[in-house]
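First up is the structure itself, then whatever we jot down about it.
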Amino acid sequence: MPDDHALVERLRAGDEAAFAELVDRYDRQLRRLARTFVRTDALADEVVQDTWLAVIGGIDRFEERSSLKTWLFRILVNRARTRAVREARQVPFSSLSSPEEQEGPMVDPSAFTSSGDWRTPPAQLDVEPETRLLSRELRGRLAEVVEHLPEQQRQVILLRDVAGLDGPEVAEALGVSEGNQRVILHRARTKVRDALGTYVEAA
Amino acid sequence: MGFLRRHLLTCRDCVELVTEYEEDALDDRGRRRVERHLKICRECTEYVDGLRVTVRSLDALPPEPAEPEVRERLLALYREQRGA
């Protein structure tokens, strides 16, 4: 990743501004994600602190095979899981909320007629032609929409689509099968897309 | 999934399969069915395009600056260990 490399070099060289940039970019997301693994804010704070310490200490060893972001989030997931296991009263994640069922329809059935056609055409999302990303306005809504997802869906979409971890490692991190992880991801993505569509059409 | 035995996918089927499709988790037959449906269905194509741009955009979320106390504390740690 070209942008990453310059930042990595600066981080290795002791450039404080570079580290401040990294913290500003990811600290809040790391904190939210940590909170889905452990039971209290205080524990999440510790997990994130450990993560940043590991980043500071480990940046020389970072091989740049993944993006800096993915590397960062991988460290967080490891720290969070270790911490969750160590906490004597930690309840295994899968029993905090019922795991997503693999059976049953994964899309909102009311969007379709009984013969499986669209009731109304799906909403068109505003896209910036230069970047091929959602418009600034919709991107602004995106984080909020993700925050309102059920916890397991939020975890999976953060890990897969925000942090860039791959399917098998996310399945492992959550203690579910790869297939189940994919079902959760599907539900999360379609929920987010539908929420943005609702927003666009209400405007 | 019984609906896979039908020859043609409905829109609902197609949307249900789209993540598996994107993840290359469908067999050849399933993949061809989804592709054939998307080729002829403007609405599903719109839906899937919307999903894709959403996923791309999740990779590029606008950053929210860290809490000032948190940033200061972490910068102090960084300075201590790596300060130039």
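Going line by line, the protein sequences match chains A and B. At position 119 of the first sequence (counting the first as 1) the number is 119 in my numbering, and the numbers step up by one without a gap. Position in the second sequence counted from 1, then plus 203, gives you my numbering. Cβ coordinates follow ideal geometry from the N, Cα and C atoms, glycine included. Only a predicted model underlies this, so the values are computations on that prediction, with no experimental measurement involved.
Burial state of residue i, where buried means 16 or more other Cβ atoms lie within 10 Å
i	result
Pro268(B)	exposed
Glu201(A)	exposed
Gln181(A)	buried
Leu12(A)	The identity of residue 12(A) in the sequence shown is Arg, whereas the question assumes Leu. Classification of Arg12(A): exposed, given that the 10 Å Cβ count is below 16.
Gly58(A)	exposed
His240(B)	buried
His5(A)	exposed
Asp216(B)	buried
Gln124(A)	exposed
Ser110(A)	exposed
Thr113(A)	exposed
Ala203(A)	exposed
Gln284(B)	exposed
Thr257(B)	buried
Thr198(A)	exposed
Ser115(A)	exposed
Gly286(B)	exposed
Gly179(A)	exposed
Asp65(A)	Per the sequence shown, the amino acid found at residue 65(A) is Arg instead of Asp. When all chains shown are included, Arg65(A) counts as exposed.
Glu223(B)	buried
Gly253(B)	buried
Arg61(A)	exposed
Sheet register partners of residue i (DSSP bridge)
i	result
Phe112(A)	Trp118(A)
Val127(A)	Leu134(A)
C-alpha distance - residue i paired with residue j, whole-angstrom precision
i	j	result
Leu211(B)	Arg236(B)	7 Å
Ser67(A)	Val218(B)	30 Å
Pro121(A)	Glu172(A)	37 Å
Val48(A)	Ile243(B)	48 Å
Glu270(B)	Leu280(B)	16 Å
Val85(A)	Leu174(A)	12 Å
Arg35(A)	Arg193(A)	24 Å
Glu258(A)	Thr70(A)	In the structure as shown, chain A begins at 1 and stops at 203. Residue 258(A) is therefore absent and cannot be evaluated.
Glu21(A)	Asp27(A)	10 Å
Leu277(B)	Asp15(A)	13 Å
Ile184(A)	Asp50(A)	28 Å
Cys214(B)	Asp262(B)	27 Å
Glu238(B)	Glu246(B)	14 Å
Leu96(A)	Pro129(A)	Below a pLDDT of 50, predicted positions are generally treated as unreliable, and Leu96(A), at 45, falls in that range; the measurement from the model is reported next regardless. Cα-Cα distance, rounded: 42 Å.
Ala54(A)	Ser260(B)	28 Å
Leu7(A)	Arg119(A)	48 Å
Arg31(A)	Leu76(A)	9 Å
Asp126(A)	Phe19(A)	34 Å
Leu72(A)	Tyr250(B)	32 Å
Val162(A)	Val156(A)	9 Å
Asp227(B)	Leu165(A)	16 Å
Glu275(B)	Asp108(A)	45 Å
Closer than 7 Å: residue i CB and nearest the ligand GDP heavy atom
i	result
Ala84(A)	Ligands displayed in this structure: none; no statement on the ligand GDP is therefore possible.
Pull out every residue of the stretch 10 to 32 of chain A whose Cβ sits closer than 7 Å to any Cβ of chain B, in chain order. Taking 7 Å as the Cβ-Cβ cut-off against chain B, the residues of the stretch 10 to 32 of chain A that qualify are Ala13, Gly14, Asp15, Glu16, Phe19, Ala20, Val23, Asp24, Arg25, Asp27 and Arg28.
What are the residues of the stretch 245 to 274 of chain B that lie near chain A, defined by any Cβ-Cβ distance shorter than 7 Å? Under the 7 Å Cβ criterion, the stretch 245 to 274 of chain B contributes Glu246, Glu249, Tyr250, Gly253, Leu254, Val256, Thr257, Val258, Arg259, Ser260, Leu261, Asp262, Ala263, Leu264, Pro265, Pro266, Glu267, Pro268, Ala269, Val273 and Arg274.
Looking at chain B, which residues of the stretch 144 to 167 of chain A have a Cβ within less than 8 Å of any of its Cβ atoms? Listed in sequence order: Val146, Ile157, Asp161, Val162, Gly164 and Gly167.
Residues from the stretch 210 to 225 of chain B in contact with chain A, defined by Cβ distance under 7 Å: Against chain A - using a Cβ distance shorter than 7 Å - the residues of the stretch 210 to 225 of chain B are Thr213, Cys214, Arg215, Asp216, Val218, Glu219, Thr222 and Glu223.
Go through the stretch 211 to 286 of chain B residue by residue and report every complete run of the alpha helix (DSSP H) that reaches 4 residues or more, in order. DSSP runs (the alpha helix (DSSP H)) wholly in the stretch 211 to 286 of chain B: 214 to 225, 231 to 243, 245 to 261 and 271 to 285.
Where the stretch 226 to 238 of chain B meets chain A: residues whose CB sits under 8 Å from a CB there: Cβ contacts with chain A come from Glu226 and Ala228.
If the cut-off is 7 Å on Cβ atoms, which residues from the stretch 33 to 56 of chain A count as contacting chain B, listed in chain order? Listed by position along the chain: Trp52, Leu53 and Ile56.
Cβ-based contacts, 7 Å cut-off: residues of the stretch 126 to 141 of chain A near chain B: Correct list: Val127, Arg132, Leu133, Leu134, Arg139 and Gly140.
Could I get the ranges of all uninterrupted beta strand (DSSP E) runs contained in the stretch 18 to 81 of chain A, with 3 residues as the minimum, in chain order? Within the stretch 18 to 81 of chain A, not a single complete beta strand (DSSP E) segment reaches 3 residues in length.
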